[in-house]
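Asker: For the sequence shown, the working numbering gives the first residue as 1, with consecutive numbering after it.
Handing you a structure now.
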Amino acid sequence: MAVLLLALFAFKSLASEVSVIEIEKVRETPISFNKNINIEIPAQSFAIFDVESGEIIFSKNPNTQLPIASITKLVTALAIDKNWPLDKDLVITNSDVAEEGRAGKLEVGQSYSYHELLFPLLLESSNDVAAAFIRDTNGMVIENMNNLTKEIGLSDTKFSDASGLSAGNISTASDLVLLILYMYSNSSNILDITKLSKYVGSYTGWINNNPVYDKTYQGGKHGYTEAAGRTVVSLFEEEFGNEKKVIGYVILDSNNLKSDMSTLRESIRQAVVFE
Numbered sequence: 001m002a003v004l005l006l007a008l009f010a011f012k013s014l015a016s017e018v019s020v021i022e023i024e025k026v027r028e029t030p031i032s033f034n035k036n037i038n039i040e041i042p043a044q045s046f047a048i049f050d051v052e053s054g055e056i057i058f059s060k061n062p063n064t065q066l067p068i069a070s071i072t073k074l075v076t077a078l079a080i081d082k083n084w085p086l087d088k089d090l091v092i093t094n095s096d097v098a099e100e101g102r103a104g105k106l107e108v109g110q111s112y113s114y115h116e117l118l119f120p121l122l123l124e125s126s127n128d129v130a131a132a133f134i135r136d137t138n139g140m141v142i143e144n145m146n147n148l149t150k151e152i153g154l155s156d157t158k159f160s161d162a163s164g165l166s167a168g169n170i171s172t173a174s175d176l177v178l179l180i181l182y183m184y185s186n187s188s189n190i191l192d193i194t195k196l197s198k199y200v201g202s203y204t205g206w207i208n209n210n211p212v213y214d215k216t217y218q219g220g221k222h223g224y225t226e227a228a229g230r231t232v233v234s235l236f237e238e239e240f241g242n243e244k245k246v247i248g249y250v251i252l253d254s255n256n257l258k259s260d261m262s263t264l265r266e267s268i269r270q271a272v273v274f275e
């Protein structure tokens, strides 16, 4: 009986190894991209990249420094997450809600944890939350954001505020690719918030207002100011035949994010080469 059990165990182990090998074969990516295809959109700069390899597949003016608007808030959230306890409480003041815009629906006297404030910051792009973080950290959050650019290797990125309202918040498509790859590997909790369609908080709820959001969306952030135009960095799970890959997109200084994103996503599907 013992011999039989041992034999069965050996058979199951072998079967498990074969199963793993088969799964690995299925997961091998049977595609590459035809880089001779001409992809063009009116936006000033863009980059399309493969999250798995980190390779930029197609781009336009990837090293041109441009204002990035509320893409900034990804780094704000990252700096808060890395440098302050997320259970720290903050009471909203008049100066916070005096910031431009009413996104986030915060009211004077409401008390939130730092963690809960990340939801209106990222889902509704609340400038009030950014102002509250600056006030409550005595401006240190901006210093931490700029320190993160050095840590991650974003050599062409700098921040003047935590909201993105300032035209002094600049970056490049190449740097933003590095940022999102870093967050994907090291701070997925921040991207997980941006993937939500909505979140109900202590006082109110917040809805994801990203104009390119759909069921395949895997996280990111959009923004708009007059200086920056419309900006976005987004990840999508794209289907290529029976294969799925997470593809990233950065668009800077666009007049129409929905149209530009649709063009880039359709172009990347057309560029697929099955091996």
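Note that CB positions come from ideal geometry on N, CA and C, so glycine has one too.
Just so we're clear, the structure is a prediction, and the values are computed from it rather than from any experiment.
Taking the straight line between their C-alpha atoms, what separation do you get for residue 149 and residue 158?
Answerer: In the sequence shown, the residue the question calls residue 149 occupies position 149. In the sequence shown, the residue the question calls residue 158 occupies position 158. Rounded to the nearest angstrom, the two C-alpha atoms are 7 Å apart.
Asker: If we ignore side chains and look at the alpha-carbon of each, how far apart do residue 144 and residue 241 end up?
Answerer: Taking the first residue of the sequence shown as 1, we reach residue 144 at position 144. Taking the first residue of the sequence shown as 1, we reach residue 241 at position 241. Cα to Cα, residue 144 sits roughly 43 Å from residue 241.
Asker: By the DSSP assignment, the beta strand (DSSP E) with residue 47 in it spans what residues?
Answerer: By 1-based counting over the sequence shown, the position of residue 47 is 47. Its beta strand (DSSP E) spans residues 45 to 50.
Asker: Span of the beta strand (DSSP E) holding residue 253?
Answerer: Position 253 of the sequence shown, counted from the start, is the residue given in the question as residue 253. It spans 243 to 254 - the beta strand (DSSP E) in which residue 253 sits, taken as one unbroken run.
Asker: What runs of the beta strand (DSSP E), each 3 residues or longer, lie entirely inside the stretch 196 to 230?
Answerer: Qualifying beta strand (DSSP E) stretches, in chain order: 198 to 200, 205 to 207, 217 to 225.
Asker: Verify whether the separation of the beta carbon atoms of residue 67 and residue 169 is less than 8 Å.
Answerer: Stepping through the sequence shown from its first residue, residue 67 is reached at position 67. Stepping through the sequence shown from its first residue, residue 169 is reached at position 169. Yes.
Asker: Which complete beta strand (DSSP E) runs does the stretch 100 to 135 hold, if anything under 3 residues is left out?
Answerer: 111 to 113, all fully within the stretch 100 to 135.
Asker: Beta-carbon separation of residue 233 and residue 180 under 8 Å?
Answerer: The residue labelled residue 233 in the question sits at position 233 within the sequence shown. The residue labelled residue 180 in the question sits at position 180 within the sequence shown. Yes. Within cutoff.
Asker: Is the stretch 202 to 213 in contact with the stretch 47 to 55, if contact means three or more CB pairs nearer than 8 Å?
Answerer: The stretch 202 to 213 vs the stretch 47 to 55: no contact.
Asker: Give me the residue from 130, 177, 116 with the minimum Cα distance to residue 100.
Answerer: For the purposes of this step, residue 100 is identified with residue 100 of the sequence shown, where counting begins at 1. Nearest option by C-alpha distance: 130.
Asker: Are residue 162 and residue 134 close, meaning C-beta to C-beta below 8 Å?
Answerer: Locating residue 162 in the sequence shown gives position 162, where the first residue counts as 1. Locating residue 134 in the sequence shown gives position 134, where the first residue counts as 1. Yes, they are a contact pair.
Asker: Please report how far the alpha carbon of residue 270 lies from the alpha carbon of residue 57, in whole angstroms.
Answerer: In the sequence shown, the residue the question calls residue 270 occupies position 270. In the sequence shown, the residue the question calls residue 57 occupies position 57. For residue 270 and residue 57, the distance between alpha carbons rounds to 13 Å.
Asker: Opposite residue 58 in the DSSP bridges: which residues?
Answerer: Residue 58 sits at position 58 when you count from the first residue of the sequence shown. 48, per the DSSP bridge assignment.
Asker: Determine which residues share a DSSP beta bridge with residue 236 and list them.
Answerer: As a first step, residue 236 must be located in the sequence shown, where it is residue number 236. DSSP, once it has assigned bridges, lists 217, 247 as partnering residue 236.
Asker: Could you check what DSSP says for residue 276 in three-state terms: helix, strand or coil?
Answerer: Shown here, the chain extends from 1 to 275; a query on residue 276 therefore has no answer.
Asker: How long is the line joining the alpha carbons of residue 33 and residue 275, rounded to whole angstroms?
Answerer: The residue labelled residue 33 in the question sits at position 33 within the sequence shown. The residue labelled residue 275 in the question sits at position 275 within the sequence shown. Distance between the alpha carbons of residue 33 and residue 275 is about 10 Å.
Asker: Under 8 Å, Cβ to Cβ, is there at least one residue of chain B near residue 72?
Answerer: In the displayed structure, chain B is absent; only one protein chain is listed.
Asker: What's the gap between the Cα of residue 97 and the Cα of residue 90?
Answerer: Walking along the sequence shown from the start, residue 97 turns up at place 97. Walking along the sequence shown from the start, residue 90 turns up at place 90. Near 13 Å, if we compare the C-alpha coordinates of residue 90 and residue 97.
Asker: Tell me the residue span of the alpha helix (DSSP H) that contains residue 80.
Answerer: Reading the sequence shown from its first residue, position 80 is the one you call residue 80. Counting along the chain, the alpha helix (DSSP H) containing residue 80 begins and ends at 72 to 83.
Asker: Around the C-beta of residue 219, are 16 or more other C-beta atoms found within 10 angstroms, so that it is buried, or is it exposed?
Answerer: In the sequence shown, counting from the first residue as 1, residue 219 sits at position 219. With 16 or more other Cβ atoms within 10 Å, it is buried.
Asker: For residue 115, which residues in the same chain have their Cβ closer than 8 Å to its Cβ, ignoring the five residues on either side in sequence?
Answerer: For the purposes of this step, residue 115 is taken as residue 115 along the sequence shown, with counting starting at 1. Correct list, in chain order: 86, 87.
Asker: DSSP on residue 152, reduced to helix/strand/coil?
Answerer: Within the sequence shown, the letter at position 152 stands for residue 152. Three-state DSSP puts residue 152 in a helix.
Asker: Suppose you measure from the CA of residue 80 to the CA of residue 126; what does that come to, to the nearest Å?
Answerer: On the sequence shown, residue 80 is found 80 positions in, with the first residue counted as 1. On the sequence shown, residue 126 is found 126 positions in, with the first residue counted as 1. Between residue 80 and residue 126, the C-alpha separation is close to 15 Å.
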